[in-house]
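Everything on this sheet refers to the single structure shown next.
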Amino acid sequence: MLKNKVVKLSSRPSGFPSEDTWVHETQDVREINDGEILLKNLYVSFDPAMRGWLNETRSYIPPVQIGEVMRAGTIGEVVDS
2 MLKNKVVKLS SRPSGFPSED TWVHETQDVR EINDGEILLK NLYVSFDPAM
52 RGWLNETRSY IPPVQIGEVM RAGTIGEVVD S
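Counting from 2, one number per residue, gives the positions in the sequence shown under this note's numbering.
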């Protein structure tokens with residue numbers, strides 16, 4: 002079974018995010034369904050806008066909720082379809 006490493010928001014930082022802001026987990030990758038693809042992420046983009054996504058304020062995009070996987074732009078390779 003394939004594994005996926007995820008970083009989840011565990012608390013909202015009041016200043017600069019620290020190790021306590023995040024929880025690192027490894028999850029099983031489920032089988033894909035018809036019409037889906039499975040990607041292997043090769044590159045992850047870390048952008049200044051991501052800091053704003055951690056705040057519980059109105060913005061152009063909903064904030065990342067506590068317990069959710071942190072979103073990011075990626076470049077990946079299709080490994081199954």
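Glycine included, each C-beta is placed from N, C-alpha and C at the ideal position. Remember, predicted model here, so these are calculated numbers, not experimental data.
task: State the Cα-Cα distance for the pair N42 and I76, rounded to the nearest angstrom.
output: Position 41 of the sequence shown, counted from the start, is the residue given in the question as residue 42. Position 75 of the sequence shown, counted from the start, is the residue given in the question as residue 76. C-alpha separation (whole angstroms): 6 Å.
Check whether M7 and Q28 have beta carbons under 9 Å apart: Translated into positions along the sequence shown, residue 7 becomes position 6. Translated into positions along the sequence shown, residue 28 becomes position 27. The amino acid at residue 7 is misidentified as Met; the sequence shows Val. In this structure, V7 lies near Q28, with their beta-carbon atoms less than 9 Å apart.
message: Assuming the contact rule is C-beta atoms closer than 8 Å, V30 and N5 should be a hit. Round their C-beta distance to whole Å, please.
response: Counting from one through the sequence shown, the residue named residue 30 turns up at place 29. Counting from one through the sequence shown, the residue named residue 5 turns up at place 4. Going by Cβ atoms, the distance from V30 to N5 rounds to 5 Å, so yes, they are a contact pair.
message: Quick check on the burial criterion: 16 or more other C-beta atoms within 10 angstroms. Buried or exposed for L40?
response: Locating residue 40 in the sequence shown gives position 39, where the first residue counts as 1. Looking at its Cβ environment, which holds fewer than 16 other Cβ atoms inside 10 Å, L40 is exposed.
Coil, strand or helix - E26 by DSSP: Here residue 26 is taken as the residue at index 25 of the sequence shown, counted from 1. The answer is strand: DSSP assigns E26 an E or B state.
- request: Kindly indicate which residue of G53, I38, M2 and D81 has the alpha-carbon position closest to the one of G16.
  value: On the sequence shown, residue 16 is found 15 positions in, with the first residue counted as 1. The residue with the shortest Cα to Cα distance from G16 is G53.
field: Per DSSP, the bridge partner or partners of N34
entry: For this step, residue 34 is matched to residue 33 along the sequence shown. N34 pairs with nothing; no bridge assigned.
message: For G68 and E78, I'd like the C-alpha separation in whole angstroms.
response: On the sequence shown, residue 68 is found 67 positions in, with the first residue counted as 1. On the sequence shown, residue 78 is found 77 positions in, with the first residue counted as 1. E78 has its alpha-carbon roughly 27 Å from the corresponding atom of G68.
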